[in-house]
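**Q**
Protein chains: 6
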Amino acid sequence: MLKECKNGERFAGTVLVNEWKEVPFRQKSGAFLTLTCQDRSGILQGKMWEYPPQVLGWLKEGHDIFNIRGVASEYRGTLDLSIEEIQLIPKEEIDLTTLLPSSPVSEKELESRLQTLQTKIHSPFLQMLLNHFLEHPQWGQAYRQAPAAVKIHQAYLRGLWEHSVRVAELAEGIAGHFPSINQDLIITGALLHDVGKIGEYSYERGIKFTTEGRLLGHIILGLELISTEISKIPEFPQELRSKILHIVSSHHGKYEWQSPKRPKIMEALVIHYADIMDAELYQFEQARNDHPGDEWSPYIPSMERYLYLK
Amino acid sequence: MLKECKNGERFAGTVLVNEWKEVPFRQKSGAFLTLTCQDRSGILQGKMWEYPPQVLGWLKEGHDIFNIRGVASEYRGTLDLSIEEIQLIPKEEIDLTTLLPSSPVSEKELESRLQTLQTKIHSPFLQMLLNHFLEHPQWGQAYRQAPAAVKIHQAYLRGLWEHSVRVAELAEGIAGHFPSINQDLIITGALLHDVGKIGEYSYERGIKFTTEGRLLGHIILGLELISTEISKIPEFPQELRSKILHIVSSHHGKYEWQSPKRPKIMEALVIHYADIMDAELYQFEQARNDHPGDEWSPYIPSMERYLYLK
Amino acid sequence: MLKECKNGERFAGTVLVNEWKEVPFRQKSGAFLTLTCQDRSGILQGKMWEYPPQVLGWLKEGHDIFNIRGVASEYRGTLDLSIEEIQLIPKEEIDLTTLLPSSPVSEKELESRLQTLQTKIHSPFLQMLLNHFLEHPQWGQAYRQAPAAVKIHQAYLRGLWEHSVRVAELAEGIAGHFPSINQDLIITGALLHDVGKIGEYSYERGIKFTTEGRLLGHIILGLELISTEISKIPEFPQELRSKILHIVSSHHGKYEWQSPKRPKIMEALVIHYADIMDAELYQFEQARNDHPGDEWSPYIPSMERYLYLK
Amino acid sequence: MLKECKNGERFAGTVLVNEWKEVPFRQKSGAFLTLTCQDRSGILQGKMWEYPPQVLGWLKEGHDIFNIRGVASEYRGTLDLSIEEIQLIPKEEIDLTTLLPSSPVSEKELESRLQTLQTKIHSPFLQMLLNHFLEHPQWGQAYRQAPAAVKIHQAYLRGLWEHSVRVAELAEGIAGHFPSINQDLIITGALLHDVGKIGEYSYERGIKFTTEGRLLGHIILGLELISTEISKIPEFPQELRSKILHIVSSHHGKYEWQSPKRPKIMEALVIHYADIMDAELYQFEQARNDHPGDEWSPYIPSMERYLYLK
Amino acid sequence: MLKECKNGERFAGTVLVNEWKEVPFRQKSGAFLTLTCQDRSGILQGKMWEYPPQVLGWLKEGHDIFNIRGVASEYRGTLDLSIEEIQLIPKEEIDLTTLLPSSPVSEKELESRLQTLQTKIHSPFLQMLLNHFLEHPQWGQAYRQAPAAVKIHQAYLRGLWEHSVRVAELAEGIAGHFPSINQDLIITGALLHDVGKIGEYSYERGIKFTTEGRLLGHIILGLELISTEISKIPEFPQELRSKILHIVSSHHGKYEWQSPKRPKIMEALVIHYADIMDAELYQFEQARNDHPGDEWSPYIPSMERYLYLK
Amino acid sequence: MLKECKNGERFAGTVLVNEWKEVPFRQKSGAFLTLTCQDRSGILQGKMWEYPPQVLGWLKEGHDIFNIRGVASEYRGTLDLSIEEIQLIPKEEIDLTTLLPSSPVSEKELESRLQTLQTKIHSPFLQMLLNHFLEHPQWGQAYRQAPAAVKIHQAYLRGLWEHSVRVAELAEGIAGHFPSINQDLIITGALLHDVGKIGEYSYERGIKFTTEGRLLGHIILGLELISTEISKIPEFPQELRSKILHIVSSHHGKYEWQSPKRPKIMEALVIHYADIMDAELYQFEQARNDHPGDEWSPYIPSMERYLYLK
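Right under this line is the structure:
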């Protein structure tokens, strides 16, 4: 796996090349290749100082799956891979998802935790709404595959699913301390709060924003998906619909964070805080994984601080 | 008309009583009545120092249309109305819209300006979208009746319509200076940017926020209306749909002003500025009308400044 | 009870007079008395339109406990009490705490929930620290009596205790989802995060800021109390001490909210969010209690919004 | 032209060398030259890996106009020029303005649009003020030569003139929708709003801030220029003067954007928005030119967003 | 003196009536008069419950100087004056400045402190600039009469002069610790930093903003005055001029406080801080004077806090 | 001295190597060494293109003091040192403080200025508090050695001491203009305001944040130190204690700058401004030293502006 390579170690394996470039040498004639290599462990920048012309041909034709061999080396604090050999692999021989990172939590476990959550819902309307989604031929699959972010937290396949289940479990626990909170709304709202990310990101060859995602964002895309599904459920109560949509609209908690509304019902407030806690605590866990044994993390821009890891 | 009364003048006419309260005297026993009176010129606070018990009965039963007589007097800078006589009028005898303020621009003029704008659109999809709206049995009527705000600008019947037409005309003029702007999008986007206000306000007896309006806001309500109508138009291009929805999402221009997106296309940028200019210049005009002959307006909280009126 | 009085009802009972003033009539000679009356249900503004000179004498001498009789009346949306009779009660005859509002949660219940939390702590150092506090002749008592705020949330006797237990229970539940969080730190930190409020407020005759509270604030006062107690525990680990103090320093989460540090350990982050959730959800519950049957609360300045109560 | 060079193409032509440096090689002895080359199409970074000592002599003596030959090559996304030959050109042989970028709109066209605007002004005082400026031996010339910015928008010769005319045309169109706006003030104010940029930038050899520009800024420098000219016009009305100066003071619209006043008259408001729209829409147009065929622009720091270009 | 009156005391004296109003009684017919009375000790609100018609006549004709008799009484924490008798005084009999508050520091003392400061200046250009100002037939007088603010600090006649001298003395002392600071610039800049307040306020009958003051502000008005005077001094060095103008432009220190530039030279930085310290410490002194013996001031909006007065 | 080296000059001397790294060559096999070299004049980045294996051994064993020889060269605006020879020096042969930068003001001078300040204090309690500190076996030494910052201002040994004395002298001068300020508090508060930096930084081998410093910060660490010392002084007045601690808590002046309180007493206000002025004016002086002869400094991030140096 790419991410397991250490300075000086050799690597051999199959990779997806996300991006590539031919770069002229700085202080002599000629050029070298840079290739952004990815497998399911993560991304590593590759360099080829010399390469047969055939390689350039493959890349220009749009091929992006290769067997490579090389050696990892660190330069000014960043590890990259000097590639010595590269060999084309036909697309049909490979299952793409094996080359993309995915959640450390298995499908089986997520499915089981999801079902546990679903069985706790008593409202038939909310049960129906969730079922519509999770068994939808298109959305159900996408919901279980999409990442939760482009970077920062759960930026891998199944990330949305993992994040949604975690937030729902967390919010349910919090809500248990406040008797006037509606647990059905909590679970449904938490499982659906980020559902618009299905349309905000594409993730077939690396996680990227879609044009719709940039123009509208996952809050609006999620509202569309949910109101479309609700419209298929006869007699879905108007007030319940407003509350679910309000939860999605307000889950970022602040206008500055692109929520057009702030939480005005208890359930929206709890989901907002469960969401932010899951995302921030994930970054603590990640920093510990990435810097084992360190006392302090490097500066984490998304949290605007250094984290203490001991 | 209520708003034409000056300090010391007598008033007699038909009013809608929005709110009322029985208030005990401060420094002696007994009570007086306060009644918020409205006719199409605006709102005036009424007081009845003495009143027959029957009046209280009417109010408690929910009656709200009366003929009144009284005299206007100013107290600490605010004018109110000492009511001497009050007489119940049966609801069926009165057309409610004659008691609510409405746009100074006539229906006929707005309809004609609207049509002029529509004829400038070449895209059949955008023509269809606008027609769907404007001829919709429910939305078409609501669009032509709703106010543009609870207060601040065009807070009267037909205000939304007036504001939308003004913004469209303004935006069209601006866009004319930039050849790469799509005028079809400008006109359609400007006419629809605030369409969610149909659902954000109720305005049968004074302008108020609806519950849906407070939970979701007019941007989200507008997006729902528009995407519902678009879904009825076969083969409406996906990209055009994203652009129209983006214009609505971003028309407040900033996250802090509850726009979940900021303008990323030229048309959205122009509509945002046309919208804000119309709203702000309206307040200048209003301040001049409200304070004829004054050099400076009082402090205008929505603009956070004093305006120079000469 | 004062808070149970409705417009037009009579009241008779014992009250604490927090503040009083002799007010000349506006439009005639002479004066009336205003008396801020408090019993354990809350505060009501009292008026005496006529009063024997003796009453003024009592007040000037600093007496503040009286039996009163009067009638409640509403003026412009605010209820107050027209006092007709007033009779001095000797201080020794009355237990002051019966005249101050206190937590709806009983001492017995709080003590039991507190003990449950304490038994979950395994670290002997943190056990000792908590014991020192809770059994301290002065602090233990104050911790169980102080309010959690001057207004906004749990602004009554035992409020600090109630809030601390709620935050600890909430934080413990949240932390249960994250295996790398130290539950001992969570419980101890949550129980002690606001301990400086012991010194920030005085609450013998109404809740007020102390001078020390205004000059230093409860974060710094809490840090002092905790580091004093820690210094009495031999071999208390330096790192554990830094973490506990960091939790207190950062529990407001942001510099703008007077936290000199932001959370840099997971435990501090969880306690910050548990604290803010308890305070905000309390305001939802309070709004429902104060406005039973209403769809929307009035504007809540501390949350900068209207709350939906249905 | 420098900006027309593509990766791998050769260039030969006359350039102005704005800045230069002798850089020792990183990983071997010796040094190479970097030269910032500019012609009227824009700026390109040049490198000379080997150079005769004479070249260093020319540069040290302050010579900055050369004929060069070389080849363009891209390195990590940036194009630069490997210079192979360089030849000194005597200053007197070259017209400097041919080596600086200038507005795509011709002088002739700008002059004609300017005159059209001027003829619309009725106030003799404002006519005189504009004439004083535009025919001033020093300011008239500078106004027609200065750039509108150091970067971001219209950062080339004649940029101020182009921007001023565009803003005036735009503002005039907007104002046409509001009968109480004074068109004379709009046109004059728009043409003069940025006039202080004459003194804020120097632009003989690349666009740079002057010391006066940094210490005072173009708003204050503009106010000085205008009040000096006004003082030469007998009986210029005091109030008109205040309004013109207010327009200049407030044209950035916000204190944070260095306007010491915010618009308090309608004319100032319109000019502020016309100014900001011209600057922002220019950036859209520029992004389309710079990235033809792309769906999205790169991140635009001055607008804090990505722009959609389709 | 008005400000020396205590609750229940009688007052007799000459006052300037700034504003007046006839107010109908709230709960009976008829009206009373409110008169804003001012003498040199400050302002007191007056009431006349009964008044001969003649009084109304005087007021309507614009008379504003009267001998009055009455009694002070406090209502809800505010003292006002029940006027029993009122008698017109002809304008010519009274020196208006005796009815306006003025600095507690005498003219003589200010003149002497000013001269001491002036003698410390060595630069002949800056000496000349100051002399031009202070001996200018119009500005010299205005500088010595104008207030320093409408409220908040030194809001009385001679306030600008007092504030300027204090800031200059303070800045000079600070600058003495930093050898590279130019003391000539410090003294001149400090004495002139607020000079535009001459035009920003009118103060003949109470302190008010002028229209020019609101449209342009004292920074721009000050820059105009100073650059006009500089233009009369032959060979005034350009750089010195830029520095003086920069000091004035940047003396508020931040864009949000309406400074179009922030301090970029040491002298500007010191004057900014001396200015803010003088204004803030003045408010401490004032709070102590206004609340003798109190431990804490009331909330001071301009400082956004309570001040500790012991 | 390292900092005196100019481009092309040779260096020979003893250095402390703070950090080092083995860096593989970019475009060929093999590696070079980077060594961060420091002596008392400052820091210079070193490179060794070739090195005997023994050198790597020394570094891996943790040796960090060496005699080196090399030549300075500039690359893209930054000077570094090509090291040709390196020789290990035994730790015992060298006094570490000779290799760290320290204040340009001598110990003797600081001691004398400190004593002058101390003799001005009349309060025996504050005298005692200061003596406790300055003669404390551990704190007295640390106070005289610690830097005032990691970078930005007085970031060298004795920096805290120099800064404290400067702030005290400055604050005393300012306070002299305001008779109601307590000079004893000013001097004591100013000398102690930053005392927590003793614990916030480590500075034995380069200036770095400690873990306690990052978790608690110098305000809280300072409060702890001071309240510990106060607790040793019998009968130290409670109010004086609160004021001293308030001064430390509020000396950053704003919540956003990590002060949990804002200045509420005059002494705290003056110390805050003296502190900020000393830090900012230091940066002006530093910019002049670092860029002699330049008109403008480069952009100074900590002040968010360019400084004018002439």
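Residue numbers (the UniProt record's numbering), protein chains in the order written: chain A, 1 to 310; chain B, 1 to 310; chain C, 1 to 310; chain D, 1 to 310; chain E, 1 to 310; chain F, 1 to 310. We put the CB at the ideal spot given by N, CA and C, even for glycine.
#1: Touch check for the stretch 275–283 of chain D and the stretch 156–176 of chain D: three-plus C-beta pairs under 8 Å?
#2: Would a C-beta distance cut-off of 8 Å place Ile121 of chain D and Ile187 of chain D closer than the cut-off?
#3: Provide the residue span of the alpha helix (DSSP H) that contains Thr97 of chain E, from first to last.
#4: Give the DSSP bridge partners of Met48 of chain C, in chain order.
#5: Would you mind telling me which residues of chain E sit closer than 8 Å to Ser73 of chain B, beta carbon to beta carbon, in chain order?
#6: In this structure, how does DSSP classify Gln115 of chain B when only helix, strand and coil are distinguished?
#7: Note down, in chain order, every chain A residue with its Cβ under 7 Å from the Cβ of Leu215 of chain F.
#8: Report all residues from its chain with a CB closer than 6 Å to the CB of His252 of chain C; omit the five preceding and five following residues, and keep chain order.
#9: Going by DSSP, name the residue or residues bridged to residue 316 of chain C.
#10: With 16 other CB atoms within 10 Å as the buried threshold, where does Tyr299 of chain D fall?
#11: Since Tyr201 of chain B sits in a beta bridge, which residues does DSSP pair it with?
#12: When DSSP builds the beta bridges, which residues end up paired with Thr14 of chain F?
#13: Using a C-beta cutoff of 8 Å, does Thr211 of chain D count as contacting chain F?
#14: Report yes or no: do three or more beta-carbon pairs, one from the stretch 54–68 of chain B and one from the stretch 82–94 of chain B, lie closer than 8 Å?
#15: Quick check on this structure: which residue in B:Arg113, B:Glu295, B:Glu22 has the alpha carbon closest to the alpha carbon of Trp49 of chain B?
#16: Against chain A, with Cβ distances strictly below 8 Å, would Glu9 of chain D count as a contact?
#17: Let me see if you follow: with CB-CB separation under 8 Å, is Glu267 of chain A close to chain F or not?
#18: Going along the chain, which residues of its own chain have a beta-carbon closer than 6 Å to the beta-carbon of Leu35 of chain F, five neighbours each way excluded?
#19: I need the boundaries of the beta strand (DSSP E) containing Ser242 of chain F, first residue and last residue.
#20: Quick check on Gln183 of chain F: does DSSP put it in helix, strand or coil?
#21: Rounding to the nearest angstrom, what Cα-Cα distance links residue 312 of chain D and Phe133 of chain D in this structure?
#22: To which residues does DSSP link residue 316 of chain B through a beta bridge?
#23: For the stretch 267–295 of chain A, enumerate the residues whose C-beta is nearer than 7 Å to any C-beta of chain F, in chain order.
#24: Within 10 angstroms of the Cβ of Arg10 of chain B, are there 16 or more other Cβ atoms? Answer buried if so, exposed if not.
#25: In angstroms, rounded to a whole number, what distance separates the CA positions of Leu81 of chain A and Ala149 of chain F?
#26: Tell me the DSSP secondary structure of Ile219 of chain D in three-state form.
#27: Spell out the partners DSSP gives Trp296 of chain C in its beta bridges.
#28: Use the C-beta contact count for Glu280 of chain F: other C-beta atoms within 10 angstroms, 16 or more gives buried, fewer gives exposed.
#29: Figure out for me which residue from C:Ser250, C:Gly293, C:Met303 has the closest Cα to the Cα of Leu269 of chain A.
#30: With H, G and I counted as helix, E and B as strand and the rest as coil, what does DSSP make of Ile271 of chain F?
#31: Is the stretch 232–245 of chain B touching the stretch 199–215 of chain A in the sense that three or more CB pairs, one from each, lie closer than 8 Å?
#32: Just how far apart, CA to CA, sit Asp194 of chain A and Val248 of chain A?
**A** Judging by the given coordinates:
#1: The stretch 275–283 of chain D vs the stretch 156–176 of chain D: in contact.
#2: yes
#3: It is not in any alpha helix (DSSP H) - Thr97 of chain E carries neither H nor E in the DSSP assignment.
#4: DSSP lists C:Leu33 as the bridge partner or partners of Met48 of chain C.
#5: Pro24
#6: helix
#7: Tyr308
#8: Gln258, Ser259
#9: With chain C represented from 1 up to 310, any question about residue 316 of chain C goes unanswered, as that position is not in the structure.
#10: Counting Cβ neighbours within 10 Å, Tyr299 of chain D comes out exposed, since fewer than 16 surround it.
#11: B:Phe209
#12: Partner(s): F:Asn67.
#13: Yes, Thr211 of chain D lies at the interface with chain F (some Cβ there is under 8 Å from its Cβ).
#14: At 8 Å Cβ cutoff, the stretches touch.
#15: B:Glu22
#16: no
#17: no
#18: Val17, Trp20, Gly46
#19: Run containing Ser242 of chain F: none in the beta strand (DSSP E); it sits in the alpha helix (DSSP H), 238–250.
#20: helix
#21: This structure does not reach residue 312 of chain D, given that chain D is present from 1 up to 310, and the question cannot be answered.
#22: For chain B, the structure presents residues 1 to 310; residue 316 of chain B sits outside this window and is missing.
#23: Glu295
#24: exposed
#25: 39 Å
#26: helix
#27: C:Tyr308
#28: Under the 10 Å beta carbon count, Glu280 of chain F is surrounded by 16 or more other beta carbons and is classified as buried.
#29: C:Met303
#30: helix
#31: Below 8 Å, enough C-beta pairs join the stretch 199–215 of chain A and the stretch 232–245 of chain B to call them touching: three or more.
#32: 7 Å
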